[in-house]
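Q:
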Amino acid sequence: MAFTGINHLAMVTADMDRTVHFWRDLLGMRLVVGMGHPGYRHYFFEITPTDCIAFFEWPGVEPIAEKDHGAPVKGPAAFDHLSFGVDGVDELTRLKDLLETNGFWASELIDHGFIISLYSFDPNNIPIEFSWPVPDCDVHESPIMIDSRPTPAAREGSEPRPNRWKTPGPRTEEFDVYPGEAEAVRAAFSKKKP
7 MAFTGINHLA
17 MVTADMDRTV
27 HFWRDLLGMR
37 LVVGMGHPGY
47 RHYFFEITPT
57 DCIAFFEWPG
67 VEPIAEKDHG
77 APVKGPAAFD
87 HLSFGVDGVD
97 ELTRLKDLLE
107 TNGFWASELI
117 DHGFIISLYS
127 FDPNNIPIEF
137 SWPVPDCDVH
147 ESPIMIDSRP
157 TPAAREGSEP
167 RPNRWKTPGP
177 RTEEFDVYPG
187 EAEAVRAAFS
197 KKKP
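Quick note: the sequence shown uses this note's numbering, first residue 7, plus one each step.
1) Specify the secondary structure class of T19 as computed by DSSP and reduced to three states.
2) If you compare alpha carbons, which of F28, H43, G42 is closest to R36?
3) Roughly how many angstroms separate the alpha carbons of T10 and F85, rounded to a whole number?
4) Can L115 and I121 be called in contact, C-beta distance under 8 Å?
5) Output the distance between the C-alpha atoms of E52 and R24, rounded to the nearest integer angstrom.
6) Which word fits Y184, buried or exposed, when buried means at least 16 other C-beta atoms lie within 10 angstroms of its C-beta?
7) Excluding the 5 residues flanking S164 on each side, which residues of the same chain have their C-beta closer than 7 Å to its C-beta?
8) Are the region 127–142 and the region 86–105 touching, with three or more C-beta to C-beta distances below 8 Å?
9) Identify whether F195 lies in helix, strand or coil by the three-state DSSP scheme.
10) Is the Cβ-Cβ distance between N131 and A71 less than 8 Å?
11) Check H14 in the structure and name its three-state DSSP category.
12) At the level of alpha carbons, what is the spacing between P156 and R100?
13) Are L124 and L98 touching if we call contact CB-CB under 8 Å?
14) With H, G and I counted as helix, E and B as strand and the rest as coil, what does DSSP make of H146?
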């Protein structure tokens, strides 16, 4: 596979204006796509030139209950928090000051050894983290395992083992690409071109 990053993370809000004010205006992530019609909105905020966080606005949805980052829960769960990379400790302290000045809780800076992190919540109670990778602990270059009792799969190492899975045969038929909001998005995009 040739992954290029996280194209977007899709979240949910009942208040798109408050969400826009937080992600665009407070954190500085450009609003790069806004789709919608009565009863439905889907807005995308740019994290990097290739990565976005997106929100659906669903009338009547309630914010999730506040849950501390990494705190265990019982019952169905599929999400804990999301972390955004930043350029340095100075950026983490600037974010802490910015969040607290505007009435949002922000943790102290936490040193995890390979990253230094700041934790907070958006207006929808989505737990967010901002992380700076420690330069002399590049886990992408040299993966580490410090779990005292790693799972059997983890003991096999960090490299993928694709031989565990079936390999699909050659594709024998064409596939269709169904239009979502394509026509409206491309029409709006073409109007912006000089």
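Virtual Cβ for every residue (Gly too), placed ideally from N, Cα, C.
Since the model is a prediction, treat every value here as computed from it, not as a measurement.
A: So, to answer that:
1) Position 13 of the sequence shown holds residue 19. Three-state result, T19: strand.
2) The sequence position of residue 36 within the sequence shown is 30, counting from 1. Considering only alpha carbons, the answer is F28.
3) In the sequence shown, residue 10 corresponds to position 4, counting from 1. In the sequence shown, residue 85 corresponds to position 79, counting from 1. T10 and F85: Cα-Cα distance of roughly 22 Å.
4) If you number the sequence shown from 1, residue 115 lands on position 109. If you number the sequence shown from 1, residue 121 lands on position 115. The answer is no: Cβ separation not under 8 Å.
5) Counting from one through the sequence shown, the residue named residue 52 turns up at place 46. Counting from one through the sequence shown, the residue named residue 24 turns up at place 18. Near 17 Å, if we compare the C-alpha coordinates of R24 and E52.
6) As a working note, residue 184 is residue 178 in the sequence shown. The residue in question, Y184, is exposed, as its Cβ has fewer than 16 Cβ neighbours within 10 Å.
7) As a first step, residue 164 is located in the sequence shown; it is residue number 158 there, counting from the start. Contacts found: P149.
8) Contact between the region 127–142 and the region 86–105 is present, because at least three Cβ pairs lie under 8 Å.
9) By one-based count along the sequence shown, residue 195 stands at place 189. F195 falls in the helix class under three-state DSSP.
10) For the purposes of this step, residue 131 is taken as residue 125 along the sequence shown, with counting starting at 1. For the purposes of this step, residue 71 is taken as residue 65 along the sequence shown, with counting starting at 1. Yes; because the gap between Cβ atoms is below 8 Å, this pair is in contact.
11) Stepping through the sequence shown from its first residue, residue 14 is reached at position 8. It is a strand residue.
12) Here residue 156 corresponds to residue number 150 of the sequence shown, with the count starting at 1. Here residue 100 corresponds to residue number 94 of the sequence shown, with the count starting at 1. Spanning the two alpha carbons is a distance of roughly 37 Å.
13) In the sequence shown, the residue the question calls residue 124 occupies position 118. In the sequence shown, the residue the question calls residue 98 occupies position 92. Taking 8 Å as the Cβ cut-off, L124 and L98 qualify as a contacting pair.
14) The sequence position of residue 146 within the sequence shown is 140, counting from 1. Three-state result, H146: coil.
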